[in-house]
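Single-structure report; data block below.
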Amino acid sequence: QVQLVESGGRLVQAGGSLRLSCAASGRTYGMGWFRQAPGKEREFVAEIIWSAHSTYYQDSVKGRFGIFGYSANNTVYLRMNSLKPEDTAIYYCAARLGSAPNYDYWGQGTQVTVSS
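As structure tokens, this is what we get:
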């Protein structure tokens, strides 16, 4: 069982920046961020695969968001720049334990609100 603890969500003005953090209690193959806006389904935002040093992003956040972290202590961050009101959502950290394209564990979520 891997536990994930996120932090960093808050209210920010449009154009501002935030950094979300997530710490996993055990080793992971990769970690990612997802988000769910009110009335919408949860969607993928970004992920990092430790062994390949690879990162992937949803098209709408490319160039604005950056995912990075440290595999040694299973910590991942999401740097969010040029925030827009449409980025408002609950952001969830997730962990993959293997190469299969599915996430095994999820955090409780942290609220990001971007005001216009």
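6 is the number of the first residue of the sequence shown in our numbering; add one for each residue after it.
Quick reminder that beta carbons are idealized off the backbone N, C-alpha and C, glycines included.
* Straight-line Cα distance separating F70 from D64 -> When rounded, the separation of the alpha-carbon atoms in D64 and F70 is 10 Å.
* To do: Return the first residue and the last residue of the beta strand (DSSP E) that S87 is part of.
  => Segment: none, S87 is in no beta strand (DSSP E) and carries neither H nor E.
* To do: State buried or exposed for G74, treating a residue as buried only when at least 16 other CB atoms are found within 10 Å of its CB.
  => By the 10 Å Cβ count, G74 comes out buried.
* To do: Note the first and the last residue of the continuous beta strand (DSSP E) segment covering A57.
  => Looking at the DSSP string, A57 is not in any beta strand (DSSP E), and its letter there is neither H nor E.
* **Three-state class that DSSP yields for E48 in the structure shown** => strand
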